[in-house]
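In terms of our numbering, the sequence shown opens at residue 79 and continues consecutively. Cβ atoms here follow ideal geometry from the backbone N, Cα and C, with glycine treated the same way.
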Amino acid sequence: MSTRLLFFICLLATAAVPCAQAQELKRSGTFLVALDIGHSPKTPGAYSARGVPEYEFNKRMTRLIAADLRQQPGVSVLVVNESGREIPILERGDVANRAKADLFLSVHHDSVNERYKVTRLLEGRMARLSEKFHGYSVFFSDKNAQPGPSFEFAKQLGRAMREQGMVPTAHHAEKIPGEGRDFVVPQHGVYRFNDLLVLKRARMPAVLLECGVIVHPEEEAELNTPERQRKIVTAVREAVLAMRAL
């Protein structure tokens, strides 16, 4: 194929996946994991107890996970929106679909319902925070193209997070507006959330990980430590390798 023709093919594919990266991911025999950095710079998601946008936590954690997975033999990684451009939720799954990814993981950090937040002084600034809930959550959707494997991926990830010493949060199961999710594996923090668009769109097994509750000031501080980050990275690696072995 000529260089000129290859250039135009890359332009027609998607701005979210650089051409050189797309070529690299097409190597035969690799298990391709698509990692989605939750939110974006302009739509940053929740704000932590110390006022840091969720997107910054998501970006850092995704890059750590990607770096680790790239060290695993036979595993390749696509970071769906590494450039940080504004990309619609539905397009995130489309990027993974076009790359023919084997797994899809959307990386997030959690908040709580506004009724549980208080305003108080934290480290010299007024903050909106909550100390009521902390812990991780894993979500899957029965409306994903592969619901059974998605549930298995969620269980593998939830179990690995627990084995690393982290604890799940139950607050998404509360019967209040905006919550009420089906808590299908409470001991491992696994929820069914059928209408999560980013999971429904993907044609491969897909889950969303909430790494911890950043509006909880102590958990936010812990999420900033290399030890907690290492535990999350290890858990994701173990879940990915378990799925690859199936």
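- In the three-state reduction of the DSSP assignment, VAL185 falls in the strand class, which pools E and B.
- Closest in alpha carbon position to VAL111, among VAL153, ALA124, GLY162, SER126, is VAL153.
- In the three-state reduction of the DSSP assignment, PRO131 falls in the strand class.
- ASP260 is bridged by DSSP to ARG270.
- Contact between HIS266 and PHE211 is absent: CB atoms are separated by about 17 Å, not below the 8 Å threshold.
- The alpha-carbon of LYS278 is positioned some 42 Å away from that of GLY202.
- The residue among GLY226, VAL262, TYR269, ALA144 with its C-alpha nearest the C-alpha of MET321 is GLY226.
- Taking C-alpha positions only, ALA127 is separated from LEU301 by approximately 12 Å.
- Taking VAL291 as the centre and dropping the five residues before and after it, the same chain places the C-beta of ASP188, PHE211, HIS212, GLU297 closer than 6 Å to its C-beta, in chain order.
- When DSSP assignments are scanned along the stretch 171 to 241, the uninterrupted stretches of alpha helix (DSSP H) that are 4 or more residues long and fall wholly within it turn out to be 225 to 241.
- The shortest CA-to-CA distance from PRO119 to any of MET139, LEU156, GLY162 is the one to GLY162.
- The alpha-carbon of ALA177 is positioned some 44 Å away from that of VAL196.
- Separation of the CB atoms of LEU235 and LEU287 is rounded to 6 Å, and the pair is thereby assigned contact status at 8 Å.
- For SER154, the pairing in a beta bridge is given by DSSP as LEU110.
- Assignment of PRO246 by DSSP, reduced to helix, strand and coil, places it in the strand class.
- For GLU298, the three-state secondary structure derived from DSSP is helix.
- Distance between SER228 and LEU200, taken at the CA atoms: about 39 Å.
- Excluding its 5 nearest sequence neighbours in each direction, ARG270 has C-beta neighbours in its own chain below 6 Å: ASP260, VAL262, listed in chain order.
- Within the model, the alpha-carbon separation for GLU164 versus ASP146 is close to 26 Å.
- Annotation for ALA323: the continuous alpha helix (DSSP H) segment containing it runs 304 to 323.
- Around the CB of LYS253, fewer than 16 other CB atoms lie within 10 Å, so the residue is classed as exposed.
- C-alpha of ASN272 to C-alpha of PHE218: approximately 7 Å in a straight line.
- For VAL291, the pairing in a beta bridge is given by DSSP as ASP188.
- Leaving aside the five residues that flank ALA232 on each side, the residues in its chain whose CB is nearer than 6 Å to its CB run, in chain order, VAL216, PHE218, VAL268, VAL285.
- If the five residues before and after GLN307 are omitted, its C-beta is found closer than 6 Å to the C-beta atoms of LEU142, all from its own chain and listed in chain order.
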